[in-house]
Amino acid sequence: MKNCSLIVRLIGILLVSYIIVGPVESLKFNENGTTVAGGNGYGSNLNELAYPWGLSVDNEMNVYVVDQNNHRVVKWLRQALTGELLWRKNSTNGETIMDGYHQRIMGCNGLFVADDGTVFLSDTDNHRVLKWSSLQNSTIVVAGGNGEGNASNQLDYPMGIYVDEDVSVYIADRSNHRVQKWRRNSSEGITVAGGNGEGSDLNQLYAPESVIVDNDGSVYIADQLNNRLVKWDVGAKEGIIIAGGNGEGKQAN
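In this text, residue positions in the sequence shown follow this note's numbering: the first is 19, and each later residue adds one.
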């Protein structure tokens, strides 16, 4: 299922866009895609990617990619032929945009870029989410950072993240089988989905991978090991299956 992660995230984005905007009868996708990052084979050069895991796009149409097997995050300016390093594990001083903080980030598996260019990263192996401001060139912890665990002020292998207009951070807290919401400047999170142990019941999640939130505050989750997409409304005690949920397979359901 790992190979499907990015596809699941993109499906989620399209699904939420449909829910928020509604069907557009005249909408037609271009049958031929345009490469905006990579496309030069598997590799570690700045014009290459190796197992891209997640992405985000800012208002200027710049693309930010979690380049997993290269242990880095790369920013591709619009129409650029090569990317530039935002972060790379164990990089040398002055090599990355996030200079001065890179050695403390152990691994990134989630990424969100806000309208003002602020970058949010899930520092997965350190069980926290970081916020980096390009204007101030500063990085702070906005969720977790209190060790691995399941307390309200902890995370356990955070993956996909989403940030709403109030700068609340929603986190797919994978190994805790829950989605946490951390309000701005909060010292702990609240559970908005799952949190009842791993499982396939409607009040459970099993290794949630990514999360998106619509304008009503409903949370859409790629529930990876349950092979389904689920929706949790605000205050709901259980989710609604909106895709999959019939086991791993290639059938239409």
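Note that beta-carbon positions come from the ideal geometry of N, C-alpha and C, so glycine has one too.
Residue nearest to residue i in terms of C-alpha spacing, selected from the options
{"i": "T53", "options": "L95, K249, I260, L247", "result": "L95"}
{"i": "N63", "options": "G101, K93, E78, W71", "result": "G101"}
{"i": "I239", "options": "Q97, S205, I179", "result": "I179"}
{"i": "G207", "options": "S186, K199, T157", "result": "K199"}
{"i": "N87", "options": "S186, N77, G72, E183", "result": "G72"}
Presumed contact (8 Å Cβ cut-off) between residue i and residue j, rounded CB distance
{"i": "P226", "j": "V197", "result": "6 Å"}
{"i": "A211", "j": "G257", "result": "6 Å"}
{"i": "L139", "j": "L153", "result": "With a Cβ gap of about 17 Å, L139 and L153 do not count as contacting."}
{"i": "V187", "j": "V160", "result": "6 Å"}
{"i": "K255", "j": "N221", "result": "6 Å"}
{"i": "K149", "j": "T142", "result": "Contact flag wrong, Cβ pair sits at about 15 Å."}
Residue i and residue j closer than 8 Å at C-beta
{"i": "S74", "j": "V131", "result": "yes"}
{"i": "D91", "j": "V81", "result": "According to the sequence as given, residue 91 is Val; it is not Asp. Contact flag unset, no."}
{"i": "S193", "j": "D219", "result": "no"}
{"i": "S236", "j": "V252", "result": "yes"}
{"i": "G135", "j": "K107", "result": "no"}
{"i": "D241", "j": "V231", "result": "no"}
{"i": "H195", "j": "G165", "result": "no"}
{"i": "N65", "j": "N58", "result": "yes"}
Range of the contiguous beta strand (DSSP E) that encloses residue i
{"i": "K149", "result": "146-151"}
{"i": "N127", "result": "126-131"}
{"i": "L139", "result": "137-141"}
{"i": "Y180", "result": "176-181"}
{"i": "A261", "result": "258-262"}
{"i": "S228", "result": "226-231"}
{"i": "Y14", "result": "Since the displayed the chain opens at 19 and closes at 271, residue 14 lies outside it and no answer follows."}
{"i": "S74", "result": "70-75"}
{"i": "L282", "result": "Limits of the chain in this structure are 19 at one end and 271 at the other, which puts residue 282 out of reach."}
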